[in-house]
Amino acid sequence: MLQKQLLVIDSNSYHFEILMSSLGQLPQVRFHITRALNMEQGILMLKSKRYDLVLTENFSMEEGEWITKLSEKSRGTPIVILTSQRDDRQAIDAIRLGAADYLLKNKQTLDLLPYTLLKTIEKRKNKFIKPRTTPLDMLSKNIRSLTSLLNEPAKKWAGTGKQIHLTGIKNEIRNIKKIIKNIVLE
941 MLQKQLLVID
951 SNSYHFEILM
961 SSLGQLPQVR
971 FHITRALNME
981 QGILMLKSKR
991 YDLVLTENFS
1001 MEEGEWITKL
1011 SEKSRGTPIV
1021 ILTSQRDDRQ
1031 AIDAIRLGAA
1041 DYLLKNKQTL
1051 DLLPYTLLKT
1061 IEKRKNKFIK
1071 PRTTPLDMLS
1081 KNIRSLTSLL
1091 NEPAKKWAGT
1101 GKQIHLTGIK
1111 NEIRNIKKII
1121 KNIVLE
């Protein structure tokens, strides 16, 4: 069973109960939910524990101040805003300031909420996997170059029928050392 740690920042107990019910719909996923009643409490919880996602209501602080504060403390954890206020400008600002998603509280959203949150978590996870493949691609390319470099002298020596001279090998080893040094430094 897949297990995910969620921090829910919501002051409304009724809304929180509905969220709990909605998040319990997927049998293959278990959401471990920690609740904060306000932004300050949520920030303290973010400092003490790592979460897979933060789900928060929309707070009425200075324009965007709360989302910026939360983004700074979340250490890259995706933040999803779930609100009953339909405000396109506020949604755009929230995304621009670091929110991963901005959802309107309604029945359809709540029915799909577990799937939406999982997708957001996976998107964030994949974001960090992609850069890791780049150095591997570079290493693979360098290994192919090294293999090619080793094969060329071997083909020449094999085709001549002559004895391999140590000076030739010494120069090839020197070239290989340079390539390996470049691989390590990249």
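Residue numbers (our numbering): 941 to 1126.
Glycine residues also receive a C-beta, built at the ideal position from the N, C-alpha and C atoms.
It should be emphasised that the depicted structure is a prediction, and the values quoted were computed from it without experimental measurement.
Whole-angstrom distance between residue j and residue i, CA atom to CA atom
i     : j     : result
M941  : R970  : 7 Å
S951  : L1057 : 20 Å
S1088 : I1123 : 15 Å
L993  : K1121 : 41 Å
K1059 : Y1042 : 14 Å
N978  : I949  : 6 Å
I973  : N1115 : 57 Å
K944  : I1032 : 27 Å
Residue span of the beta strand (DSSP E) that contains residue i, given as start and end
i     : result
Q1025 : No beta strand (DSSP E) contains Q1025, which DSSP labels as neither H nor E.
L966  : That residue, L966, is in no beta strand (DSSP E); it is neither H nor E in DSSP.
T996  : L993 to T996
L1044 : D1041 to L1044
Closest Cα partner of residue i within the set the options
i     : options                      : result
G982  : T1023, K1009 and L1086       : K1009
K1045 : H972, S988 and I958          : I958
K1081 : R975, L1053, I1113 and I1119 : I1119
L984  : I1061, L947 and P1054        : L947
Delimiting residues of the alpha helix (DSSP H) encompassing residue i
i     : result
L1010 : E1005 to K1013
L984  : M979 to S988
CB contact check: residue i to chain C, cutoff 8 Å
i    : result
K989 : Absence of chain C from the displayed structure is noted, only one protein chain being present.
Which residues DSSP lists as bridging residue i, in chain order
i     : result
T974  : L947
I1019 : V994
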